[in-house]
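J.:
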Amino acid sequence: MSANTLTSDTSAVWDNHITVPDTPAGFTVRTTCPGNEDGCEVMLEQWQAGSAEPPHSHPGDDMTVVIEGKMAIQFFTRGENGLEADGEPVILNKGETGYIKAGAIHDAKYLEDCKLVYVHDKAFCFNAE
6 MSANTLTSDT SAVWDNHITV PDTPAGFTVR TTCPGNEDGC EVMLEQWQAG SAEPPHSHPG
66 DDMTVVIEGK MAIQFFTRGE NGLEADGEPV ILNKGETGYI KAGAIHDAKY LEDCKLVYVH
126 DKAFCFNAE
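For the numbering used here, add 5 to where a residue sits in the sequence shown, where the first one is 1.
In structure tokens form, the structure reads like this:
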């Protein structure tokens, strides 16, 4: 596993939750507030099998939940000759969740038609690498 991979215990996606008055005990929420430093962005994505994203990074931690399909994420580091693969690709199947650390260079390949829930820890930005 790449050093850029996070878990639900270490990802900032799960920070900044608040309690809401008049809701059941034990419930907290983090709302979608683009432009608010404590907010996060949530997207529902659909990708066709065979499509791909080139190497890129994001300014915040992200979390992807695969609702349908199968995808692969490859992490990269910068080497003397440009980007170099960092470990084996991470494969996410239906029902699985992947976390990516802020600034981590990665790509994504959609091995099957995919439906995803994507959560980004800050206002979303795609930084091509």
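Note that CB positions come from ideal geometry on N, CA and C, so glycine has one too.
On a predicted model such as this, the values are computed, not experimentally measured, just so you know.
List in chain order: all unbroken beta strand (DSSP E) runs of 3+ residues lying wholly within the stretch 80-132.
T.: With a minimum length of 3 residues, the continuous beta strand (DSSP E) runs that stay inside the stretch 80-132 are 87-90, 95-98, 102-105, 110-115 and 119-125.
J.: Using a Cβ distance threshold of 8 Å, determine whether the stretch 51-68 contacts the stretch 96-110, with at least three qualifying pairs required.
T.: The stretch 51-68, when compared against the stretch 96-110, does touch it at the 8 Å Cβ threshold.
J.: Could you check what DSSP says for Val25 in three-state terms: helix, strand or coil?
T.: Three-state result, Val25: coil.
J.: Nearest CA to the CA of Gly55: which residue from Ile96, Asp126 and Tyr115?
T.: Of the candidates Ile96, Asp126 and Tyr115, the one whose C-alpha sits nearest the C-alpha of Gly55 is Tyr115.
J.: What separation, rounded to the nearest whole angstrom, lies between the Cα atoms of Asp91 and Ala77?
T.: Distance between the alpha carbons of Asp91 and Ala77: 13 Å.
J.: Considering only the alpha carbon of each residue, which of Met48, Val47, His111 and Glu50 lies closest to Asn132?
T.: Comparing Cα-Cα distances from Asn132 to each of Met48, Val47, His111 and Glu50, the minimum goes to His111.
J.: If you follow the beta strand (DSSP E) that Ala57 is part of, which residue opens it and which one closes it?
T.: Element bounds for Ala57: Ala57 to Ser62.
J.: Would you list the residues sitting across from Thr12 in a DSSP beta bridge?
T.: According to DSSP, which records beta bridges pairwise, Thr12 is partnered with nothing at all.
J.: With a threshold of 16 other CB atoms inside 10 Å of the CB of Ala30, please say whether the residue is buried or exposed.
T.: Exposed, because fewer than 16 other Cβ atoms sit within 10 Å of the Cβ of Ala30.
J.: What are the start and end residues of the beta strand (DSSP E) that includes Thr69?
T.: Its beta strand (DSSP E) spans residues Asp67 to Glu73.
J.: Compute the Euclidean distance between the alpha carbons of Thr160 and Tyr123, then round it to the nearest angstrom.
T.: Because the chain is modelled from 6 through 134, residue 160 falls outside the range shown and cannot be assessed.
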